[in-house]
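Data first, discussion second: the structure below is written as structure tokens.
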Amino acid sequence: MFARAERRTLDIAGALALGGVLAFVGVATAVLLGHAGSGSGAGAGAGAPLFDAYILRVARFTFLQAALSTLLSVALAIPVARALARQRAFLGRVWILRLSAVPLGLPALVAALGIIEIWGRQGVVNDLLRLAGLQNPVSVYGLTGILIAHVFFNLPLAVRFLVAALDRIPAEYWLSSANLGMGGGAVFRLIEWPVIRRVLPGIAGLVFMLCATSFTLVLTLGGGPAATTIEVAIYQALRFDFDPARAVLLAFLQIAVTALLLFVLSLFGRPQDEGVTAGRAIRRFDGRRRRVTDGLVILAFTLFTAAPLLATLVSGLAADFGRLALDPMLHRALLTSLAISLASASLSLAIALPVVLVPQLAESGATGPARLIMAGALPAVGSLILLVPPVVVATGWFLMLRLFGETGRFAPAIVTVINALMALPFVVRVLGPAYRTHLARTARLALSLGITGRRRLVTIDWPALKKPFLTAFAFAMALSLGDLGAVAIFGAEGFVTLPWLLYSRMASYRTADAAGIALILGVLCLLLTLPSTAPDRAPERPGPDA
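Take any residue in the sequence shown, note its place counting from 1, add 405, and you have its number in my numbering.
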């Protein structure tokens, strides 16, 4: 499958990727362990308990908001997905599914600004409710705002997964249900629910993990100490209280939470196919009786998803772009964000290639002790950032680099590597299946013809794998462009990215500037992600919102 020189190159690349990722994450973890052992910091000493009332309250709120967000997202996704699955002939169906992909590529901070425009004190919803005689009935800050934001992001994700599962039900089932005269309740109980039940635990687990590790949305909409999650508490302990001991304790608590969630997610395997089909085109006979109610459900889902996007667009277009165009801080932030996103996406692809190919090398029979170890370890390394979240890694490096002076000098390099690792699970998920299929089709023939190395890459590999490579690269860039977590830990006077500048303008109540920057950032990220998002399949988000 691979020539000897190619195997040697892959071995070297695999060793570098494995050693580099383990060293980068390991150094951060070791520093955290060292600070935990030293007991330094304002929060340590004096017989202070490890888990005081504040930490217990933060942990409790983290699980509470994640559980409520998951319950709302999944419960609302079921009727929306059923309506979209029933109305297959609806002309706008493909555009609704495309709209549900928008939050996947939208930076969390941009979405938060749009949510404030709709649900805030002077937002559209409260204006309508005031007309009905109620005075400020909805507060966008605190638990309510966090739930609205999490549902905005995760409801479309759950809908896309459920619609994809329902669309895989064989056409013969619907023909039989029509012949038997099944009503809506029987169709749901006997056909739809068994399919939904198989995929629901995995969807709920994914949504729960995304909400439990949420940083930007909670930082923006939390509204105070009463609505703080573990990752936000880490940021506050470092940037406001400068309490390294408490930050380290919270970091290990976050690792324990993510480890538990990953273990639970691993218990849910991939769902099996729903059945054997004769290949007929799917035709739903139960949609005619539900057109009105399905239309109302789809309309409500569309309004909920589209309203913050439209609000961001309208408020952004009203900004003074002439003044923003002359703002040197915006120029610096834009150039910094583009440079970091390009570098992190390139690094993520460079790490992903040996993660994908070395196991293929071992499966082809080219084995050896070192290669077998790498083949087993590299896939786990590709998902290591899920176990040790970016904010935790950034905390470890921040504490270490303080020993060498101003952390701002090192911030661009550290943030670049963290963003690359943050995108790595997604990049591997895109490139892995594509590479396996491509190698199964072409590897033996190329080797028998003596087409190897650079010639094979240019003439055979790149033409076939160009689309998944560009898709992975674009999503990696978008994730890096929208990242606030690692940047917030290292935020310094000389290191400003677009999300950090946007957050700073929002915090200083310069809402017009914030709206213009949000529009610029949102358009950049959507231009990268939307062209490669298929209407019938949603790519999994690789990590917490940034």
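We put the CB at the ideal spot given by N, CA and C, even for glycine.
Remember, it's a predicted structure, so these values are computed and weren't measured experimentally.
Where the alpha helix (DSSP H) through residue i begins and ends
i: E577; result: A576 to N584
i: D648; result: Looking at the DSSP string, D648 is not in any alpha helix (DSSP H), and its letter there is neither H nor E.
i: Q470; result: A458 to R491
i: I521; result: A513 to W524
i: P774; result: P774 to G787
i: I856; result: Careful: I856 lies outside any alpha helix (DSSP H) and carries neither H nor E.
i: V797; result: P795 to L806
i: Y914; result: Careful: Y914 lies outside any alpha helix (DSSP H) and carries neither H nor E.
i: A869; result: W867 to L886
i: D732; result: Counting along the chain, D732 falls outside any alpha helix (DSSP H), and DSSP gives it neither H nor E.
i: R603; result: W598 to A617
i: L714; result: R696 to L722
i: F566; result: L548 to D572
i: L622; result: T621 to L626
i: F378; result: Only positions 406 to 951 of the chain appear in the structure, and residue 378 is not among them; the question remains open.
i: L502; result: R498 to L504
i: A537; result: Unbroken run through A537: none, as it is neither H nor E.
Cβ-based neighbour list, residue i, same chain, cut-off 6 Å, excluding 5 preceding and 5 following
i: H555; result: S474 and C616
i: L654; result: none
i: L931; result: G510
i: L826; result: I790
i: R521; result: What sits at residue 521 in the sequence shown is Ile, not Arg. The residues are V545.
i: L536; result: none
i: M614; result: L666
i: E945; result: Here E945 scores only 44 on pLDDT, less than 50, and its place in the model should not be relied on; the value that follows carries that caveat. No residues qualify anywhere along the chain.
Identity of the residue in the options nearest residue i by Cα
i: L714; options: A422, R409 and L518; result: L518
i: T934; options: S885, F895 and A920; result: S885
i: A464; options: R841, P838, T618 and R603; result: T618
i: L469; options: P630, G629, P606 and L552; result: L552
i: G801; options: V568, L437, V719 and L421; result: L437
i: V702; options: L752, I483 and M911; result: I483
i: Q659; options: I460, R491, S671 and T847; result: I460
i: G700; options: A486, E411, L926 and Q540; result: A486
i: R959; options: R915, V430 and R491; result: The displayed coordinates of the chain run from 406 to 951. Any statement about residue 959 would go beyond what the structure contains.
i: V719; options: T916, E411, A480 and D457; result: T916
i: G590; options: R695, G538, F566 and F895; result: R695
i: T876; options: D888, W905, S853 and R834; result: R834
i: T663; options: F566, P561 and A471; result: A471
Pair within 8 Å by beta-carbon distance, residue i and residue j
i: T717; j: A923; result: yes
i: V426; j: V786; result: yes
i: L903; j: A724; result: no
i: P795; j: I823; result: yes
i: V832; j: G419; result: no
i: A828; j: S742; result: no
i: V612; j: S478; result: yes
i: A782; j: L415; result: no
i: F558; j: P508; result: yes
i: L533; j: V543; result: no
i: I608; j: A563; result: yes
i: A799; j: A891; result: yes
i: L907; j: A893; result: no
Sequence-distant residues of the same chain with beta carbon closer than 7 Å to residue i, five excluded per side
i: L704; result: none
i: G899; result: G813
i: R688; result: A576 and W579
i: S913; result: none
i: L622; result: A513, A517, I551, A554, H555 and D950
i: T707; result: I501 and L504
i: F878; result: A750 and L754
i: G927; result: L511, P512, V515 and T717
i: S909; result: none
Close Cβ partners of residue i (< 8 Å) along its chain, the five nearest in sequence each way excluded
i: A851; result: T857, R861 and I865
i: G921; result: G721, A724, D725, F726 and L729
i: L806; result: T812, F815 and I819
i: H843; result: D866, A869 and L870
i: G610; result: L666, V669, L670 and F673
i: G547; result: L626, G627, G628, G629, A631 and A632
Supposed contact pair residue j and residue i - C-beta distance, whole angstroms, cut 8 Å
i: A632; j: F466; result: 6 Å
i: W524; j: V515; result: That belief does not hold up - the Cβ atoms of W524 and V515 are roughly 15 Å apart, past 8 Å.
i: L489; j: V604; result: Contact doesn't hold; Cβ gap of about 15 Å is too wide.
i: L836; j: A712; result: Not confirmed; about 35 Å, so no contact.
i: A656; j: V797; result: 5 Å
i: V761; j: Y840; result: 5 Å
i: M882; j: L735; result: Actually they are not in contact, since the Cβ atoms of M882 and L735 sit about 19 Å apart, beyond 8 Å.
i: I601; j: A638; result: At roughly 36 Å, the Cβ-Cβ gap does not stay under 8 Å, so I601 and A638 are not in contact.
i: S788; j: P830; result: 5 Å
i: F620; j: E636; result: 4 Å
i: W905; j: L889; result: 7 Å
Any non-hydrogen atom of the ligand GDP within 7 Å of residue i CB
i: T741; result: In the structure shown, the ligand GDP is absent, as is every other ligand, since no ligand is present at all.
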